[in-house]
Amino acid sequence: MEKKKILLIYYKLFRAGGVAKVMTNLANELAEQNYEVEILLLNREQPHFYPLNDKITVHNIDTFSHWAWAICEFNAKYLKFIPKIRNINAYIYHIGVYLMLKNWLKKNHRQYDKIISCWYKLSCFLGMNKKVARKTIAWEHTDYNVGGWLFKDQLRKFYKNLNNIVCINSPSKTYYQQFNTTYFIPNIIGEPFESKEYIPAEKKENLISFVGRLDKDKNVKELIEIISETRLPENWKLQIIGDGWEEQNLKDLTRQKKLQNKVVFLGSKTTEEIEKLLEKSKIFAFTSLKEAFGIVLLEAMFCSNVLVAYDCKYGPSDIINEKNGFLIPLHNKQLFIEKLKYLIQNKGGGITN
Numbered sequence: 000m001e002k003k004k005i006l007l008i009y010y011k012l013f014r015a016g017g018v019a020k021v022m023t024n025l026a027n028e029l030a031e032q033n034y035e036v037e038i039l040l041l042n043r044e045q046p047h048f049y050p051l052n053d054k055i056t057v058h059n060i061d062t063f064s065h066w067a068w069a070i071c072e073f074n075a076k077y078l079k080f081i082p083k084i085r086n087i088n089a090y091i092y093h094i095g096v097y098l099m100l101k102n103w104l105k106k107n108h109r110q111y112d113k114i115i116s117c118w119y120k121l122s123c124f125l126g127m128n129k130k131v132a133r134k135t136i137a138w139e140h141t142d143y144n145v146g147g148w149l150f151k152d153q154l155r156k157f158y159k160n161l162n163n164i165v166c167i168n169s170p171s172k173t174y175y176q177q178f179n180t181t182y183f184i185p186n187i188i189g190e191p192f193e194s195k196e197y198i199p200a201e202k203k204e205n206l207i208s209f210v211g212r213l214d215k216d217k218n219v220k221e222l223i224e225i226i227s228e229t230r231l232p233e234n235w236k237l238q239i240i241g242d243g244w245e246e247q248n249l250k251d252l253t254r255q256k257k258l259q260n261k262v263v264f265l266g267s268k269t270t271e272e273i274e275k276l277l278e279k280s281k282i283f284a285f286t287s288l289k290e291a292f293g294i295v296l297l298e299a300m301f302c303s304n305v306l307v308a309y310d311c312k313y314g315p316s317d318i319i320n321e322k323n324g325f326l327i328p329l330h331n332k333q334l335f336i337e338k339l340k341y342l343i344q345n346k347g348g349g350i351t352n
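The following block contains the structure:
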């Protein structure tokens, strides 16, 4: 029987990230199930952060070689005084993405039985080409309200041409049903987390963990402020795992709060390294402002961490219950502090895991 050939499309796999991780997990699983899997990345060729099955073929389109990116660089250098120039550049860059992706698919799409688009902007572009769209699955990984005037208000209507839509949270499924057949399929966790056994709190260290990008959306600034006001006991620490644009600002804030001995920045880590770090910690603290699912919460839970997270859209409310942690209203720092203190006083326990 002839193998089914599947193409997954995304921007990059060279950095840690939720979409990159679950896309890699899916690609590896499909390859193991004897599908012929290929990946198209819209970036120059670089080493992959997460290991890919050797059976998988990766193609690269260097979208930064297009004239659209040259305009973005000019604007960033000489026109940065213009309001919202970064937003304007994002639109210009995606003109280049659209043109290069359209050209590549025109030459290659016929060889694939199914195409999986892993980002909403790419799904909009694929929906505009009916020949490509009818075998394309839009795999949605972000808040359905994003996209602005162009991608949400103008181009999302092309989702009606797609084969179907897969969402990772139930509110997104409800929204996307107006465009096309839509399925709710939670993200793939994968090994090494799924087969882990419960680790009692007494076998762990007095650690609170955060894992994620260090950017505005993850709101780590507020987490550091919470840790400062919690006044951790001498033998407790917060470990921050990840990197990003906000890293230096967060380190500066840590110094301002005199928390150098309480907050440790560990940088970006591999999946295996994150697993080992989460095995040691007792509490996972999450102050993100928005998520599509929050897969890291499940990973922390599988490593026997009690979860304390803001009830942001979307994800935490689908994962956290009275048995595995505390769901905190967004920006309610005082309640977050109270729950951390409660868990610390109970040596990281106090909840039935």
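Mapping to numbering that gives the first Met the number 0: the sequence shown position 295 is 294, numbers consecutive. Glycine residues also receive a C-beta, built at the ideal position from the N, C-alpha and C atoms. All of these numbers come straight from a predicted model, not from anything done at the bench.
Between residue i and residue j, how many whole angstroms is the CB-CB distance? I'm expecting something under 8 Å.
i	j	result
Phe-283	Ser-208	5 Å
Leu-104	Ser-116	Actually they do not touch by this definition, with Cβ atoms about 11 Å apart.
Ala-19	Phe-48	6 Å
Ala-308	Ile-327	7 Å
Leu-277	Cys-302	4 Å
Ser-267	Leu-206	Going by Cβ atoms, the distance from Ser-267 to Leu-206 rounds to 18 Å, so no, they are not a contact pair.
Met-22	Thr-62	About 18 Å; that fails the 8 Å criterion.
Ile-60	Ala-30	So it is not a contact: roughly 22 Å between Cβ atoms.
Cys-71	Asn-86	The Cβ separation is near 11 Å, so there is no contact.
His-108	Lys-76	Incorrect: roughly 37 Å between the Cβ atoms, too far for contact.
Grab me the residues of residue i's own chain with a C-beta within less than 8 Å of its C-beta, minus the 5 sequence neighbours each way, in chain order.
i	result
Val-219	Phe-209, Gly-211, Leu-213, Ile-239, Glu-245, Leu-249, Thr-286
Phe-292	Gly-17, His-140, Ile-167, Asn-168, Pro-185, Asn-186, Tyr-313, Gly-314, Asp-317
Val-263	Lys-236, Leu-237, Gln-238, Ile-239
Ala-132	Leu-125, Gly-126, Phe-157, Asn-160, Leu-161, Asn-162
Leu-78	Ile-84
Asp-112	Lys-3, Lys-4, Ile-5, Lys-134
Glu-204	Lys-279, Ser-280, Lys-281
Asn-52	Ala-26, Asn-27, Ala-30, Glu-31, Val-36
Lys-332	Glu-221, Glu-224, Ile-225, Glu-228
Are the beta-carbon atoms of residue i and residue j separated by less than 9 Å?
i	j	result
Tyr-119	Phe-157	no
Ile-5	Ile-114	yes
Tyr-143	Tyr-175	yes
Cys-123	Gly-146	yes
Glu-271	Pro-199	no
Phe-335	Leu-306	no
Leu-339	Ile-225	yes
Asp-216	Leu-288	yes
Lys-106	Asn-128	no
Can you have a look at residue i and say buried or exposed, based on whether 16 or more other CB atoms are within 10 angstroms of its CB?
i	result
Trp-148	exposed
Tyr-182	exposed
Asn-323	buried
Phe-73	exposed
Ile-81	exposed
Thr-180	exposed
Thr-173	exposed
Ala-299	buried
Thr-269	exposed
Ala-69	exposed
Thr-351	Bear in mind that a pLDDT of 48 at Thr-351, under 50, signals an unreliable position, so the number given afterwards is only what the model happens to contain. Its Cβ having fewer than 16 others within 10 Å, Thr-351 is exposed.
Glu-290	buried
Asn-320	exposed
Asn-304	buried
In chain order, what residues of the same chain lie with their CB nearer than 6 Å to the CB of residue i, ignoring the 5 residues before and after it?
i	result
Leu-121	Ile-8
Ile-188	Leu-297
Glu-35	Lys-2, Lys-4
Leu-231	Lys-261
Val-57	Ile-38
Ile-138	Going by the sequence as given, residue 138 is Trp instead of Ile. Only Ile-115, Cys-117, Val-165 meet the Cβ criterion.
Ser-171	Glu-139, Tyr-143
Ala-67	Ile-91, Tyr-92, Ile-94, Gly-95
Phe-178	Tyr-158, Lys-159
Got a sec? Which residues, its chain only, sit under 7 Å from residue i by beta carbon, not counting five neighbours each side?
i	result
Lys-195	Phe-301, Cys-302
Gln-110	Lys-4
His-93	Lys-120
Leu-252	Lys-220, Ile-223
Glu-274	Pro-191, Phe-192, Cys-302
Glu-44	Asn-59
Asp-242	Leu-213, Gly-266, Ser-267
At least three beta-carbon pairs within less than 8 Å, the stretch 247–266 to the stretch 334–346
Not touching, per the Cβ criterion.
Is it true that the stretch 29–49 meets the stretch 7–16, where meeting means three or more beta-carbon pairs spaced less than 8 Å apart?
Short answer: they touch.
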